[in-house]
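Mind the numbering: the sequence shown is residues 591 to 737 in the numbering used here, read in order.
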Amino acid sequence: MLLTRALRASSRPLLAPPPTLNLTVTLARAMTSSSSAPTTTEFITVLIATPPEASDALARSLVASRTAACVNRVPGVKSTYRWKGEVIVDDEEVLVVKTTRAAFGELKTLVEKEHPYDVPEIIALPIVDGNKAYLDWLRDNVGGAGA
């Protein structure tokens, strides 16, 4: 009974959020309140896993077709996945593709056509903020005749 009264009288909440939650909220607020560029989902990053021997041709095709402004090749990826009931381990590269949401449909179609896998990984992630000059460059180099 005495403990209950003491707890009620305490100004501290009985169950305070863990410190990591406060850090998470602080980081999320900082990420969305940047003034470097407007928060947007006009831009996306697309991840595509490829066999190393197919990466260069696919990256060049994406940039040449203007469905992507830039493609970074990340070599030395070891992928473990289930395919047709078996666990497979393969050496791959990951293409990190910068593009616009508007160009994603065409990009996806091109990858499905040119990628050597039956079921290629094509995962789009939103770019919520970034260097305004870079995002302007990205916009100018996807679709159309460009600069």
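Here a beta-carbon is modelled for each residue, glycine too, at the ideal position from N, C-alpha and C.
Within 8 angstroms, strictly: CB atoms of residue i and residue j
i: residue 637; j: residue 701; result: no
i: residue 641; j: residue 706; result: yes
i: residue 661; j: residue 685; result: yes
i: residue 667; j: residue 683; result: yes
i: residue 542; j: residue 644; result: Summary: the structure shown does not reach residue 542, with the chain confined to residues 591 through 737, and so no result is reported for it.
i: residue 732; j: residue 672; result: no
Own chain, CB closer than 7 angstroms to residue i, minus 5 neighbours either side, in chain order
i: residue 632; result: 690 and 691
i: residue 712; result: 636, 638, 698 and 701
i: residue 704; result: 648 and 651
i: residue 663; result: 645, 649, 683 and 685
i: residue 693; result: 657, 732 and 733
i: residue 674; result: none
N-terminal and C-terminal residue of the alpha helix (DSSP H) that residue i is part of
i: residue 699; result: 694-704
i: residue 642; result: 642-654
Those residues which DSSP pairs with residue i across a bridge
i: residue 680; result: 669
i: residue 658; result: Beta-bridge pairing links residue 658 to no other residue.
i: residue 637; result: 686 and 713
Cut-off 6 angstroms between Cβ atoms - residues of its own chain near residue i, not counting five sequence neighbours on either side
i: residue 625; result: A caution first: residue 625 carries a pLDDT of 47, below 50, which makes its placement in the model unreliable, though a value can still be read off. Result list for residue 625: empty, nothing under 6 angstroms.
Selection from the options that minimises the alpha carbon distance to residue i
i: residue 665; options: 681, 726 and 675; result: 681
i: residue 714; options: 678, 726, 695 and 704; result: 695
Opening and closing residue of the beta strand (DSSP E) in which residue i lies
i: residue 732; result: Looking at the DSSP string, residue 732 is not in any beta strand (DSSP E), and its letter there is neither H nor E.
i: residue 713; result: 713-716
Chain-order list of residues whose beta-carbon lies under 8 angstroms from that of residue i (same chain, five-residue window excluded)
i: residue 728; result: 633, 659, 660, 688, 689 and 690
i: residue 724; result: none
i: residue 726; result: none
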